[in-house]
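Trainee: Quick note: the sequence shown, position 144, residue 144 per UniProt numbering, numbers continuous.
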Amino acid sequence: MAEALNSAALETLFTSARTHSSWLDRPVTDEQLQALYELVKMGPTSANCSPARFCFVRSEEGKARLKQTLSSGNVEKTMSAPVTVIVAWDPQFYDRLPQLFPHADARAWFTSSPELAQETAFRNSSLQAAYLISACRAMGLDTGPMSGFDRAAVDAAFFADSGWKSNLLINIGYGDASKVYQRLPRLSFAEACSLE
């Protein structure tokens, strides 16, 4: 059985971690992004389906393409972030299931139901996005997840060849702590949970 994390680790991952919109002029390396993915890929997904695909946008050319798809409130924080990852999902994730889940013919579960395939891909890619945020925090990086972009335009600009579908964007870098908003309230256990 795994041991519980100490309070410092819990602060890093949750209680002291913040969403960032302003970034220090400090790069995130390709090696860091590769190490990040090595952590993210270990998070569980249903039937180990791993439908998320990650496009790490960090070049000037890539940022210029991305800029055209953003809502106005997301432009400055995205253009100043060292990296923006487009978390997408592969509509044909099930083609990898013979490799990823060899225990059964899991591919057939999804090829017979496009609705189930899409729901599974979207749900599990969202889960993998949450793993990415936690992995960034564990590695000393800050994040700024967001919606507020034209999905069709992102898909056309970045995924025309692959057919992947964008889910959300996450800015990654070293956040400027002096420009973080006050922490907003959260729902209490009684407001958000039930015990049956």
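All residues carry an ideal CB built from backbone N, CA and C; glycine is no exception. Quick caveat, the model's predicted, so the values are computed rather than measured.
#1: Where does T111 fall in DSSP's three states?
#2: Can you look up G62 in the DSSP assignment and give me helix, strand or coil?
#3: Does the separation of the CB atoms of S50 and L100 fall below 9 Å?
#4: Does C193 come out as helix, strand or coil in the three-state DSSP assignment?
#5: On a CA-only basis, which of V87, N124, Y181 and D95 is nearest D155? Give me that one, please.
#6: Roughly how many angstroms lie between the CA atoms of F149 and Y181, to the nearest whole one?
#7: Express the C-alpha separation of D142 and R18 in angstroms, rounding to a whole number.
#8: Have a look at L187 and R107 and give me their C-alpha separation to the nearest angstrom.
#9: Just checking my contact of L24 with D176 at CB under 8 Å: how many whole Å lie between their CB atoms?
#10: Please name the residue in A52, A121 and A8 whose C-alpha comes closest to that of K41.
#11: Between the Cα of S147 and the Cα atoms of I133, N74 and P98, which residue gives the shortest distance?
#12: Mind checking which residues open and close the alpha helix (DSSP H) that includes T78?
#13: With a CB to CB cut of under 6 Å and the five nearest residues on each side skipped, what residues in its chain are close to A81?
#14: A47 to S178, Cα distance in whole Å?
#15: Suppose contacts are defined by Cβ-Cβ distances below 9 Å. Is A135 in contact with L39 by that definition?
#16: Going by Cα to Cα distance, which pick from F159, T120, P91 and Q34 is closest to T45?
#17: If contacts are defined as beta-carbon pairs under 8 Å, then R21 and G144 qualify, I think. What distance do you get, rounded to the angstrom?
#18: List the DSSP bridge partners of D142.
Mentor: On the basis of the supplied data:
#1: In the three-state reduction of the DSSP assignment, T111 falls in the helix class, which pools H, G and I.
#2: helix
#3: Cβ atoms of S50 and L100: closer than 9 Å.
#4: coil
#5: V87
#6: 22 Å
#7: 8 Å
#8: 39 Å
#9: 6 Å
#10: A52
#11: That would be N74, whose Cα lies nearest to the Cα of S147.
#12: Counting along the chain, T78 sits inside the alpha helix (DSSP H) bounded by residues V75 to S80.
#13: Once the five neighbours on either side are set aside, the close Cβ partners of A81 are W23, N171 and G173.
#14: 42 Å
#15: yes
#16: T120
#17: The question names Arg, yet the displayed sequence has Ser at residue 21. Rounded, the Cβ-Cβ distance is 6 Å, consistent with contact.
#18: G173
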